[in-house]
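Here is the structure we will look at, set down as structure tokens.
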Amino acid sequence: MKIAENGGVKYCVFENIEKTGLVSHSFTTKVGGVSEGVYGSLNVSYTRGDDRANVDENIKRICNCMEVESRNIVCGHQIHGKNILKVTKDDIGREGITEFDGFMTNEKGIVLSTFHADCVPVYLVDTENKAIAMVHSGWRGTVQKISLEAIKKMGEEYGTKAENIVAAIGPSIGQCCFQVDMPVIKEFKAAFDFADEYIIKDEKRVGHFMLDLWGVNKRMLEEAGVRDIEVTDKCTMCNEELFYSHRRMGNDRGSMAAYICLK
Ligand SMILES: [Zn+2]
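Read left to right, the sequence shown gives residues 1101 to 1363 (this note's numbering).
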């Protein structure tokens, strides 16, 4: 993953996704927008209390960087579930999409988008059938294996095979900062027989653990047959100059977005 810059806007791109030549994509940072205060400065969410005109301008800027149309963005209110919406042109401009934490399409020009401020973004590109998915996989989504759900649905709808998928795991909270307690650990152990490999004891706090969500998501994809997976090296909580973080900032913050669009 690298940080690109265009007209002052900083955004993350994945080399393996870029190399497919099939999509425009990015993961936004908080740098290069017009929002102020806790939203400073590239907040791309309308639902956090930021000024609407500023969010419009921020989205316009990142869309210019990606050379996509901001009016073609499809997004929704995420609920930490595992439902994947098959998106078509009819969904462009649709308000009130709820109950979906993942989107997929095989139509060109539609910008699939999920919001993030510590939760893991997973990008999926089927290079064979030219289909894509964008997935919001926080710890709840990860335990529910939402990325595998996306691959399964892409298989049903587009004929996708895991071996033809190029995947990326984007900026989110790293094992360095993701402290969890026993109930969360229990869910991971129940969901994954390899869970122990991605959990270490928190030396500073008894009964707490540090969980590697990047590792679990990567392993899950690998076991499903995905071979080309790029993983971020940027923790959203550590890198205060680049990212908003829910753990660091609470509710007074902006949001980053993950975008992907078939060219
Ligand atoms: Zn960290």
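Just so it is clear, CB atoms sit at the ideal spot from N, CA and C, and this is done for glycine as well.
The beta carbon of Thr1336 sits closer than 6 Å to those of Asp1218, Pro1271, Ser1272, Ile1273, Phe1343 and Ser1345, all from its chain and outside the five residues before and after it, given in chain order. In this structure, the CA atom of Gly1132 is about 21 Å from the CA atom of Thr1332.
In chain order, Tyr1146 place their CB closer than 8 Å to the CB of Arg1152, counting only its own chain and leaving out the 5 sequence neighbours on each side. Assigned with DSSP and collapsed to three states, Thr1242 falls in helix. Ligand 1 has a heavy atom closer than 7 Å to the beta-carbon of Cys1335. Leaving aside the five residues that flank Arg1319 on each side, the residues in its chain whose CB is nearer than 7 Å to its CB run, in chain order, Phe1294. Per the DSSP secondary-structure output, Met1101 pairs with nothing in a beta bridge. Ranking His1308, Phe1278, Ile1103 and Asn1351 by CA distance to the CA of Val1316 puts Phe1278 first.
By the neighbour-count criterion, in which 16 or more other beta carbons inside 10 Å mark a residue as buried, Pro1283 falls on the exposed side. Gly1325 is classed as exposed because its beta carbon has fewer than 16 other beta carbons within 10 Å across all chains shown. Boundaries of the beta strand (DSSP E) around Pro1221: Val1220 to Asp1226.
Judged by their CB atoms, Phe1288 and Val1243 are nearer to each other than the 8 Å cut-off.
In the DSSP annotation of this structure, Ala1153 is not part of any beta strand (DSSP E); the continuous alpha helix (DSSP H) holding it starts and ends at Arg1152 to Met1166. Taking C-beta separations shorter than 8 Å and ignoring five residues to either side along the sequence, the partners of Ala1250 in its chain run Ile1184, Gly1202, Met1204, Val1222, Leu1224, Ala1233 and Val1235, following chain order. Arg1353 and Ser1247 have their alpha carbons spaced roughly 26 Å apart. The residue from Asp1328, Lys1253, Gly1209 and Thr1260 with its alpha-carbon nearest to that of Asn1229 is Thr1260. Boundaries of the alpha helix (DSSP H) harbouring Phe1288: Met1282 to Ala1291, taken from the DSSP string.
A Cβ-Cβ separation of about 5 Å places Asn1116 in contact with Glu1330 under the 8 Å criterion. In the three-state DSSP reduction, Val1266 falls in the strand class (E or B). With a cut-off of 8 Å on Cβ pairs, the stretch 1155 to 1173 is not in contact with the stretch 1297 to 1308, counting fewer than three such pairs. Leu1122 and Glu1303 have their C-alpha atoms some 45 Å from each other. Within the DSSP secondary-structure output, Gly1202 pairs in a beta bridge with Ile1184 and Val1235. In the DSSP assignment, Tyr1111 is bridged to Ala1104 and Thr1128.
Nearest to Ile1179 by alpha-carbon distance, out of Ser1124, Gly1193, Phe1200 and Asp1190, is Phe1200.
Cβ contact annotation for His1216 (same chain, cutoff 8 Å, sequence separation greater than five): Phe1127, His1236, Gly1270, Pro1271, Ser1272, Thr1336, Ser1355, Met1356, Ala1357 and Ala1358, in chain order.
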